[in-house]
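**Student:** Here the sequence shown is numbered in the numbering used here, starting from 57 and rising by one per residue.
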Amino acid sequence: MSQCCVAVNRRNGIETVAIDNNGERVLPSFVAYDEIHEKCGQVVVDRLRFHSESTVFDSKRIIGRNFEEIEIDTMWPFYLNSDKNKPFIKIRNYKKELVSKSAEQVAASLLKYIRKKTEEFQGKRLHRAVITVPASFTNTQKNSTRSAASLAGWDSVYLLSEPVAASFTYFVNQEAPNNTILLLFDLGGGTLDVCLSKIKDNKIITISNSGNSQVGGRNFDNILIKYFIEKLKNDFDITVADGKKYKLILECQKIKHSLSVQMQEALDVEDFDIAKEGFIKIDRQIFETLSQDLLTNIKDAIKNTLYYSGHKAHKINKVLLVGGSCRMPMIKKLLQDMFPNSEHCCDEHPEEVVAIGAAYFAYNYFFA
């Protein structure tokens with residue numbers, strides 16, 4: 057799932073902020089409007105069972121796009137309609153009324169919540185922020201993000217490319233040899249960025265970038281969802297009801313995470329029909345086989361970046377892995393196969409790397 061993370065400048069250095077109410081430093085990008093004051097984060101995920109019609113996620117895949125450009129996900133609990141080709145999200149509010157929200161309004165809900173939690177952590181009002189966006193974002197998507205930040209109460213924002221932010225994290229505290237060529241691979245919950253850069257006189261110079269704002273960890277979830285829907289139907293004659301879709305989404309996320317550390321996992325059939333018992337097993341090899349088309353799309357994004365840079369794979373000195381989805385063994389293997397001679401770097405907390413880099417940049421941009 058797509059997530060948010062925040063880092064701030066403190067006297068003792070950069071710190072990531074526990075912005076979720078459960079104390080976690082990453083916030084699932086879920087917003088619920090079933091109460092007067094909208095809720096964000098893991099609490100929304102946990103209550104999805106009861107309030108799916110009031111819940112929105114994947115706003116990053118909608119913001120700044122025309123309606124005709126959006127790939128509709130059949131697992132979304134909300135609906136999209138169009139007004140002059142601008143998409144609006146239809147949800148139920150706390151009065152159970154059907155209302156429309158723009159993607160900017162949803163993003164503003166997240167950014168407002170993040171500002172509030174960060175101000176609590178800092179103990180003061182905050183006015184300025186660096187917000188990171190995918191390298192593939194268009195000017196329209198960037199402007200929509202600025203509008204969302206304004207709605208959330210930020211007075212001044214600077215939009216920074218996510219790959220550039222991640223590069224700061226890796227190199228701000230270490231000397232990199234001059235002329236080092238690095239490829240930054242950022243696979244988050246909802247988007248993919250690939251950026252090729254060069255270190256020149258201790259500066260990071262972007263050579264080329266590519267990406268896909270419709271490829272991310274959520275796509276791997278959808279592969280598992282499709283697999284289990286078919287197995288439930290064919291093996292147990294169970295059709296997943298709309299009211300149970302939330303359950304399948306969350307279970308598939310858990311199974312995806314499990315398959316990164318173990319070879320086999322299973323779905324409990326009884327969760328979808330209490331009259332039937334059994335388990336549907338899936339192993340890592342099956343998951344990787346089902347993911348081949350998606351892996352090909354990811355390879356193509358990498359090849360495009362190399363092509364437009366004029367560099368060959370064997371010339372890449374470092375490959376930097378960013379984003380929680382990089383924990384999947386199939387992603388690490390894909391990169392190792394494409395860049396066997398490169399040094400591969402993956403932070404212990406890859407989903408925090410971009411936020412930390414943005415904080416380094418913010419200090420230099422706003423205060424230096």
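All residues carry an ideal CB built from backbone N, CA and C; glycine is no exception.
Residues bridged to Leu376 by DSSP?
**Tutor:** Position 320 of the sequence shown, counted from the first residue, corresponds to residue 376. According to DSSP, which records beta bridges pairwise, Leu376 is partnered with Leu240 and Cys401.
**Student:** Taking Arg121 as the reference, give the member of Lys389, Ala357, Asn195 and Ile372 with the closest Cα.
**Tutor:** Stepping through the sequence shown from its first residue, residue 121 is reached at position 65. The residue with the shortest Cα to Cα distance from Arg121 is Asn195.
**Student:** Taking the alpha-carbon of Glu407 as reference, which of Val87, Gly380, Lys371 and Asn420 has the nearest alpha-carbon?
**Tutor:** Reading the sequence shown from its first residue, position 351 is the one you call residue 407. Residue Gly380 is the option with its Cα nearest to Glu407.
**Student:** By Cβ distance, which residues of its chain are closer than 6 angstroms to Tyr226, with the 5 residues on each side in sequence left out?
**Tutor:** Residue numbering aside, residue 226 sits at position 170 when the sequence shown is read from its first letter. These residues qualify, in order along the chain: Leu376.
**Student:** Are the Cβ atoms of Ile281 and Ile372 separated by less than 8 angstroms?
**Tutor:** Sequence index remark: in the sequence shown, residue 281 carries index 225 (1-based). Sequence index remark: in the sequence shown, residue 372 carries index 316 (1-based). No, they are not a contact pair.
**Student:** In the DSSP assignment, find the alpha helix (DSSP H) that holds Ile358 and state where it starts and stops.
**Tutor:** Position 302 of the sequence shown, counting from 1, holds the residue named residue 358. Gln348 to Ser365 is the extent of the alpha helix (DSSP H) around Ile358.
**Student:** Spatial neighbours of Phe292 within its chain, please: C-beta separation below 6 angstroms, excluding the five flanking residues on both sides.
**Tutor:** Locating residue 292 in the sequence shown gives position 236, where the first residue counts as 1. Contacts found: Val325 and Lys332.
**Student:** Kindly indicate which residue of Ser365, Thr111 and Val64 has the alpha-carbon position closest to the one of Ser266.
**Tutor:** Indexing the sequence shown from 1 puts residue 266 at position 210. Closest option to Ser266, Cα to Cα, is Ser365.
**Student:** Would you check if the distance between the CB atom of Thr295 and the CB atom of Ser269 is smaller than 8 angstroms?
**Tutor:** Taking the first residue of the sequence shown as position 1, residue 295 is located at position 239. Taking the first residue of the sequence shown as position 1, residue 269 is located at position 213. Not a contact, by the Cβ cut-off of 8 angstroms.
**Student:** Please name the residue, chosen from Ile147, Val162 and Lys173, that lies closest to Asn78 on a Cα-to-Cα basis.
**Tutor:** Position 22 of the sequence shown holds residue 78. Asn78 has its Cα closest to that of Lys173, out of Ile147, Val162 and Lys173.
**Student:** With a cut-off of 8 angstroms on the beta carbons, I'd call Lys256 and Arg105 a contact; round off their distance for me.
**Tutor:** On the sequence shown, residue 256 is found 200 positions in, with the first residue counted as 1. On the sequence shown, residue 105 is found 49 positions in, with the first residue counted as 1. Lys256 to Arg105, Cβ: 53 angstroms. No contact.
**Student:** Under 8 angstroms between the Cβ atoms of Val112 and Lys157?
**Tutor:** Here residue 112 corresponds to residue number 56 of the sequence shown, with the count starting at 1. Here residue 157 corresponds to residue number 101 of the sequence shown, with the count starting at 1. Taking 8 angstroms as the Cβ cut-off, Val112 and Lys157 qualify as a contacting pair.
**Student:** Among residues of its own chain, excluding the 5 on either side of Asn65, which ones have a beta-carbon nearer than 6 angstroms to its beta-carbon?
**Tutor:** For this step, residue 65 is matched to residue 9 along the sequence shown. Ala415 and Tyr419, listed in sequence order.
**Student:** Would you be able to state if there are at least three C-beta pairs under 8 angstroms between the region 174–193 and the region 392–404?
**Tutor:** Judged by Cβ distances under 8 angstroms, the region 392–404 makes no contact with the region 174–193, as fewer than three pairs qualify.
**Student:** Is the beta carbon of Gly209 closer than 8 angstroms to that of Lys146?
**Tutor:** For the purposes of this step, residue 146 is taken as the residue at position 90 of the sequence shown. For the purposes of this step, residue 209 is taken as the residue at position 153 of the sequence shown. Result no, Cβ atoms of Lys146 and Gly209 do not sit closer than 8 angstroms.
**Student:** What would DSSP say about Thr188, mapped onto helix, strand or coil?
**Tutor:** One-based indexing of the sequence shown puts residue 188 at position 132. Strand at Thr188.
**Student:** Return the chain-ordered ranges of every beta strand (DSSP E) run that is complete within the region 133–213 and spans a minimum of 3 residues.
**Tutor:** List check, beta strand (DSSP E) in window: 135–139, 142–148, 154–157 and 184–189.
**Student:** Under three-state DSSP, which class holds Lys289?
**Tutor:** Working through the sequence shown from its first residue, we reach residue 289 at position 233. Helix at Lys289.
**Student:** Going by beta carbon distance, what residues of the same chain come within less than 6 angstroms of Arg184, once the five residues before and after it are set aside?
**Tutor:** For the purposes of this step, residue 184 is taken as residue 128 along the sequence shown, with counting starting at 1. Here the set comprises Ser212 and Phe422.
**Student:** Could you say which of Glu176, Lys374, Ser85 and Trp132 lies nearest to Ala163 if we only look at CA atoms?
**Tutor:** Here residue 163 is taken as the residue at index 107 of the sequence shown, counted from 1. It is Ser85 whose Cα lies nearest to the Cα of Ala163.
**Student:** Quick check on this structure: which residue in Leu315, Leu323, Gln320 and Lys359 has the alpha carbon closest to the alpha carbon of Cys382?
**Tutor:** Position 326 of the sequence shown, counting from 1, holds the residue named residue 382. Nearest C-alpha to Cys382: Leu315.
**Student:** Around the Cβ of Asp349, are there at least 16 other Cβ atoms within 10 angstroms (buried) or fewer (exposed)?
**Tutor:** Position 293 of the sequence shown holds residue 349. Result: exposed.
**Student:** Quick test of your reading: Val220 and Ile261, contact by CB under 8 angstroms. State the CB separation rounded to the nearest angstrom.
**Tutor:** Translated into the one-based positions of the sequence shown, residue 220 becomes position 164. Translated into the one-based positions of the sequence shown, residue 261 becomes position 205. Not a contact, Cβ separation roughly 10 angstroms.
**Student:** Could you check what DSSP says for Val409 in three-state terms: helix, strand or coil?
**Tutor:** Here residue 409 corresponds to residue number 353 of the sequence shown, with the count starting at 1. It is helical.
**Student:** What residue range does the alpha helix (DSSP H) around Phe432 cover?
**Tutor:** Residue 432 lies beyond the range of the chain shown here (57 to 424); nothing can be said about it.
**Student:** The beta strand (DSSP E) with Thr262 in it runs from where to where?
**Tutor:** In the sequence shown, residue 262 corresponds to position 206, counting from 1. Thr262 -> beta strand (DSSP E) spans Lys259 to Asn268.
**Student:** What is the DSSP secondary structure of Thr130, reduced to helix, strand or coil?
**Tutor:** Taking the first residue of the sequence shown as 1, we reach residue 130 at position 74. Looking at Thr130 - three-state DSSP - the assignment turns out to be coil, as it is neither helix nor strand.
**Student:** Should Met384 be labelled buried (16 or more other beta-carbon atoms within 10 Å of its own) or exposed?
**Tutor:** The count along the sequence shown starts at 1 and reaches residue 384 at position 328. Counting Cβ neighbours within 10 Å, Met384 comes out buried, since at least 16 surround it.
**Student:** Determine the burial state of Thr352: buried for a count of at least 16 other Cβ atoms within 10 Å of its Cβ, exposed for fewer.
**Tutor:** Within the sequence shown, the letter at position 296 stands for residue 352. Classification of Thr352: exposed, given that the 10 Å Cβ count is below 16.
**Student:** Residues in the same chain with beta-carbon distance under 7 angstroms from His367, minus the five sequence neighbours each way, listed in chain order, please.
**Tutor:** As a first step, residue 367 is located in the sequence shown; it is residue number 311 there, counting from the start. Correct list, in chain order: Ile237 and Leu252.
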